[in-house]
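Add 19 to the 1-based position in the sequence shown for the numbering used here, that's all there is to it. Below: one structure, written as structure tokens.
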Amino acid sequence: MKGNQSYQLTEDLRVRPISEEDTEMIVEWRNRDFVRRNFIFREPFTVQMHRNWMATKVAPGLVEQFIIEYRMQEKGDKGNLKETAAGLFTPVGSVYLRDVDYVYKQAEYGIFLGEEGAYGKGIGNRAARWAVWYAKEELQLDTMILRVFADNERALKSYRQAGFEPVETIKDFFVDGDKHRDLVFMKIDLKEK
């Protein structure tokens, strides 16, 4: 993993490299319904699965993954964040580039916020813009792609603001009971940024 340092994105937002110590937190986040419903892989996430991910993807550099930390502005913020005192950073999610390919200079972008209280604060937007910068400047990549469900309007808006453009939609990609969900592929050309 090249990403072995922390980055201060804004006064109240930073990212740091993921570590083994984050395992329990990641597993808890990934198993929350509001997180899991926007992942293609929906099986219950386990400690062993995460450790395998760390050993086979993060450690060899196929994935660059960071923990997003947010600084509370005031005590009593909404959601799970209310337990953190004002002025302290608290982990709220993860941002990552997976399947990093230095030959073809491309990777797939991913993000999730594991704390409901983190929504509506622009955290995802800022993390996406940082990831675009990181992929271009630090990893020297030319292209980033991502996959997102078409009904995840908040994510689509965030990705567009970061510069991603839709390139293909697969109709009825995922069937959840009687609900059919389309999958949108998006891309950003980093050489143009």
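Every residue gets a Cβ at the ideal spot worked out from N, C-alpha and C, and that includes glycine. None of these values were measured; they are calculated from a predicted model.
Looking at Glu-184 and Lys-155, is the spacing between their C-beta atoms short of 8 Å?
-> Counting from 1 along the sequence shown, the entry for residue 155 is found at position 136. Counting from 1 along the sequence shown, the entry for residue 184 is found at position 165. In this structure, Glu-184 does not lie closer than 8 Å to Lys-155 by Cβ.
Residue closest to Leu-132, alpha-carbon to alpha-carbon, out of Ala-78, Asn-23, Val-46, Lys-190 = In the sequence shown, counting from the first residue as 1, residue 132 sits at position 113. Answer by Cα proximity: Val-46.
Pairwise C-alpha distance: Asp-197 and Gln-27 = Along the sequence shown, one-based indexing puts residue 27 at 8. Along the sequence shown, one-based indexing puts residue 197 at 178. The straight-line gap from Cα to Cα measures roughly 43 Å.
Using CA coordinates, which residue listed in Gln-24, Leu-209, Ser-177 is at the minimum distance from Gly-129?
-> Residue 129 sits at position 110 when you count from the first residue of the sequence shown. Looking at the Cα atoms, Ser-177 is the closest of the given residues.
Check: Gln-27 C-beta below 7 Å from any heavy atom of the ligand SAH | In the structure shown, the ligand SAH is absent, as is every other ligand, since no ligand is present at all.
Buried or exposed: which applies to Tyr-121, given that a residue is buried once 16 or more other Cβ atoms fall within 10 Å of its Cβ?
-> As a position in the sequence shown, residue 121 is number 102, starting the count at 1. Looking at its Cβ environment, which holds fewer than 16 other Cβ atoms inside 10 Å, Tyr-121 is exposed.
Grab me the residues of Thr-188's own chain with a C-beta within less than 6 Å of its C-beta, minus the 5 sequence neighbours each way, in chain order.
-> By one-based count along the sequence shown, residue 188 stands at place 169. Excluding positions up to five away in sequence, the list reads Asp-201, Val-203.
Under the assumption that Val-119 contacts Ala-150 (Cβ atoms under 8 Å), give the Cβ distance between them as a whole number of angstroms.
-> On the sequence shown, residue 119 is found 100 positions in, with the first residue counted as 1. On the sequence shown, residue 150 is found 131 positions in, with the first residue counted as 1. Actually they do not touch by this definition, with Cβ atoms about 12 Å apart.
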